[in-house]
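Residue numbers (numbering that gives the first Met the number 0): 0 to 245. Structure, as structure tokens:
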Amino acid sequence: MSKLRIAITADTYPYASDVTNLVRAPFTARGLVDIISELGALPVVLPDVPGAKGEDYVDMFDALIIPGGPDVDPTFFGEEPSLHIGSTNYKRDIFEKEIFSAFYKAGKPIFGICRGCQFINIMLGGSVYQDLASENPDAYIRHSQGALGGYPTHHAIIAEGSELYKALGAKAYINSRHHQGLKKIGRGLKVTAKAPDGVVEGVESENGSQIVAVQWHPENMWQEHPEMRKLFADFIDRVAASKNNR
Numbered sequence: 000m001s002k003l004r005i006a007i008t009a010d011t012y013p014y015a016s017d018v019t020n021l022v023r024a025p026f027t028a029r030g031l032v033d034i035i036s037e038l039g040a041l042p043v044v045l046p047d048v049p050g051a052k053g054e055d056y057v058d059m060f061d062a063l064i065i066p067g068g069p070d071v072d073p074t075f076f077g078e079e080p081s082l083h084i085g086s087t088n089y090k091r092d093i094f095e096k097e098i099f100s101a102f103y104k105a106g107k108p109i110f111g112i113c114r115g116c117q118f119i120n121i122m123l124g125g126s127v128y129q130d131l132a133s134e135n136p137d138a139y140i141r142h143s144q145g146a147l148g149g150y151p152t153h154h155a156i157i158a159e160g161s162e163l164y165k166a167l168g169a170k171a172y173i174n175s176r177h178h179q180g181l182k183k184i185g186r187g188l189k190v191t192a193k194a195p196d197g198v199v200e201g202v203e204s205e206n207g208s209q210i211v212a213v214q215w216h217p218e219n220m221w222q223e224h225p226e227m228r229k230l231f232a233d234f235i236d237r238v239a240a241s242k243n244n245r
């Protein structure tokens, strides 16, 4: 039986890399590649290709992961950049829009991580706070942690009956490396995890389980926090079920 093939959209290193001096090299987190591989699937990292069409990719893969990275260009949700917005990557935004649209239309499973969660929400008509600290007075938790990236720093309360609940239970101790957050929730999505201050930490499809997306970085946690491994294992199970039903 052939392995499940998981597409992972790449980020772009904006500087010349060490040793080989590569410029704008595509990359993704090693922990993300490793966990997908350990669970028996084949991870394939996709660089942003100018002029790419989503339909040229979708039939080659069984599912899509949109991982973390820079802020999404605010013009995608009808706003100008605020004084507190971080770096953006318009070429990645355009590429991921193509890829996401094709996978979404095909009904294939999609997992969003941090920026990926925000991107999915925006693609479905939602919006984000361009900066939680300056735009959301209720956000009293530090969501851009000072601790090392793999360490959990605050909790998320998870909705019973959700896909996240199946993997993590009613409460999860999570890391937090986002200065933006979901504002208006996109069509067809429901909130399934929140921080104690009300900031959205996870969303899923209202009907079915095509989309699951989180604001934290489980790919940096699963080695020492086995419940985060379960989050990826559940994703792979959904991918297998989706493929069997096609």
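Using N, Cα and C, we set each Cβ at its ideal position, and we do this for glycine too. Keep in mind it's a predicted model, so treat the numbers as computed, not measured.
So what does DSSP say about residue i, is it helix, strand or coil?
i      : result
Tyr139 : coil
Arg295 : Outside the modelled stretch of the chain, which goes from 0 to 245, sits residue 295, for which no answer is possible.
Thr87  : strand
Pro73  : helix
Pro217 : helix
Val57  : helix
Asp92  : helix
Mind checking which residues open and close the alpha helix (DSSP H) that includes residue i?
i      : result
Gly201 : Note, Gly201: premise wrong, no alpha helix (DSSP H); beta strand (DSSP E) at Val199 to Ser204.
Leu230 : Pro225 to Asn244
Gly30  : Arg29 to Glu37
Glu78  : Here Glu78 belongs to no alpha helix (DSSP H), and DSSP marks it neither H nor E.
Ser133 : Leu131 to Glu134
Among the options, which residue has its Cα nearest to the Cα of residue i?
i      : options                           : result
Ala105 : Ala240, Glu218 and Val57          : Val57
Asp10  : Leu38, Gly148, Glu95 and Ile34    : Glu95
Gly85  : Ile235, Val71 and Ala240          : Val71
Ile121 : Val44, Glu78, Lys242 and Ala146   : Glu78
Glu159 : Asn244, His178 and Gly201         : Gly201
Ser161 : Ile173, Leu147, Pro46 and Gly207  : Gly207
Glu226 : Lys170, Ser175, Ala240 and Arg176 : Lys170
Val44  : His83, Pro69 and Arg4             : Arg4
Val213 : Gly111, Asn244, Ile140 and Asn135 : Gly111
Ile93  : Gln129, Pro66, Leu131 and Val48   : Val48
Ser133 : Gly180, Tyr172 and Asn243         : Gly180
Ile210 : His224, Lys182, Gly148 and Ser241 : Ser241
Arg176 : Thr74, Pro73 and Leu131           : Leu131
Leu82  : Gln117, Ile173, Asp137 and Gln129 : Gln129
Ala40  : Ala6, Pro69 and Tyr139            : Ala6
Glu205 : His224, Ile184 and Trp221         : Ile184
Arg245 : Asp61, His224, Gly68 and Ser1     : Asp61
Asp137 : Leu63, Ile35 and Lys182           : Lys182
Examine chain D for any beta-carbon lying closer than 8 Å to the beta-carbon of residue i, and answer yes or no.
i      : result
His142 : No chain D appears in this structure, which consists of one protein chain only.
Could you check where the beta strand (DSSP E) with residue i kicks off and where it finishes?
i      : result
Ile112 : Ile109 to Ile112
Ala62  : Ala62 to Ile65
Val44  : Leu41 to Leu45
Contact between the stretch 146 to 154 and the stretch 192 to 201 (3+ Cβ pairs under 8 Å): Touching, yes, given that three or more Cβ pairs across the two stretches are closer than 8 Å.
Sufficient close CB pairs (3 or more, under 8 Å) joining the stretch 111 to 126 to the stretch 157 to 173: Too few Cβ pairs lie closer than 8 Å, so no.
contact_flag[the stretch 86 to 101, the stretch 39 to 54] where n(CB pairs < 8 Å) is 3 or more: They touch, by the three-pair rule.
Complete runs of the beta strand (DSSP E) confined to the stretch 151 to 211 [at least 3 residues]: As far as the stretch 151 to 211 is concerned, its whole beta strand (DSSP E) runs of at least 3 residues are 153 to 157, 170 to 173, 188 to 193 and 199 to 204.
Cβ pair count under 8 Å reaching 3, the stretch 221 to 234 against the stretch 185 to 192: They do not touch, by the three-pair rule.
Given 8 Å, three or more beta-carbon pairs between the stretch 215 to 227 and the stretch 28 to 42: With a cut-off of 8 Å, the stretch 28 to 42 and the stretch 215 to 227 count as touching, because enough Cβ pairs lie within range.
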